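Here's the structure, in structure tokens; my notes come after.
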Amino acid sequence: MASKFTELAIDCAEPEALARFWCAVLDYDVLGVEDEGAFVAIGPATAAEDENRAGPVPPALTFSRVPEGKSIKNRLHIDVNPTDRDQADEVRRLVELGARRTDNGQSEFSWVVMADPEDNEFCVLSTRRP
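Numbering-wise (this note's numbering), the sequence shown opens with residue 48 and increments by one.
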């Protein structure tokens with residue numbers, strides 16, 4: 048068996064605040080908080096059940112406090128797919144949660160490039176997948 052992709056680690060200034068944002072985006076729950084909020088893990092409510100499953104599992108996101116700020120474009124980013132609304136409605140919802148649209152010259156594509164509250168880029172895809 049090959050490795051499973053189980054989590055994505057994100058460096059940030061405010062782990063608890065950024066975890067709350069991504070919990071709202073993905074309908075995830077906080078799985079754990081350590082070091083007085085310097086590390087927060089979030090994931091689906093089924094994370095404990097999925098832990099030993101052989102197939103793919105939804106990845107957890109971890110947020111770790113680091114002293115340096117973001118300085119360049121992310122080399123890795125998250126793509127999200129709206130599941131119960133169209134792309135425009137999802138973009139509006141994410142802006143209300145604290146995201147912002149970014150203009151990086153990719154307006155001719157079907158996805159919308161956004162930034163989370165700490166300026167980490169992510170994309171909202173136009174297709175609806177469960």
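All C-beta atoms, glycine included, are put in the ideal place defined by N, C-alpha and C.
Computed from a predicted structure; not experimentally measured.
Limits of the unbroken alpha helix (DSSP H) element including residue i
i    : result
E143 : 134-144
L65  : 62-73
Cβ-Cβ separation, residue j to residue i (assumed contact under 8 Å), whole Å
i    : j    : result
G185 : A107 : Only positions 48 to 177 of the chain appear in the structure, and residue 185 is not among them; the question remains open.
A135 : T149 : Not really, about 16 Å apart at Cβ, beyond 8 Å.
V160 : V138 : Their Cβ separation, rounded to whole angstroms, is 10 Å, which puts V160 and V138 out of contact at 8 Å.
V127 : V72  : 7 Å
K117 : E165 : 7 Å
For residue i: DSSP bridge partner residues
i    : result
E155 : E155 is not bridged to any residue.
D58  : S111
D168 : As written in the sequence, residue 168 is Glu, which differs from the Asp given in the question. Its beta-bridge partners are A162.
R148 : M161
V87  : V80, F110
I125 : F169
For residue i, the first and last residue of its enclosing beta strand (DSSP E)
i    : result
D76  : 76-81
D131 : Looking at the DSSP string, D131 is not in any beta strand (DSSP E), and its letter there is neither H nor E.
Residue i to residue j span [Cα, whole Å]
i    : j    : result
F156 : D133 : 16 Å
D114 : R67  : According to the sequence provided, residue 114 is Pro. The question's Asp does not apply to it. C-alpha separation (whole angstroms): 20 Å.
E83  : C70  : 19 Å
P105 : T53  : 7 Å
P62  : N167 : 13 Å
Y75  : T130 : 14 Å
E143 : F169 : 16 Å
Below 8 Å, how does it come out for the segment 108-118 and the segment 76-90: are there three or more Cβ pairs, yes or no?
yes
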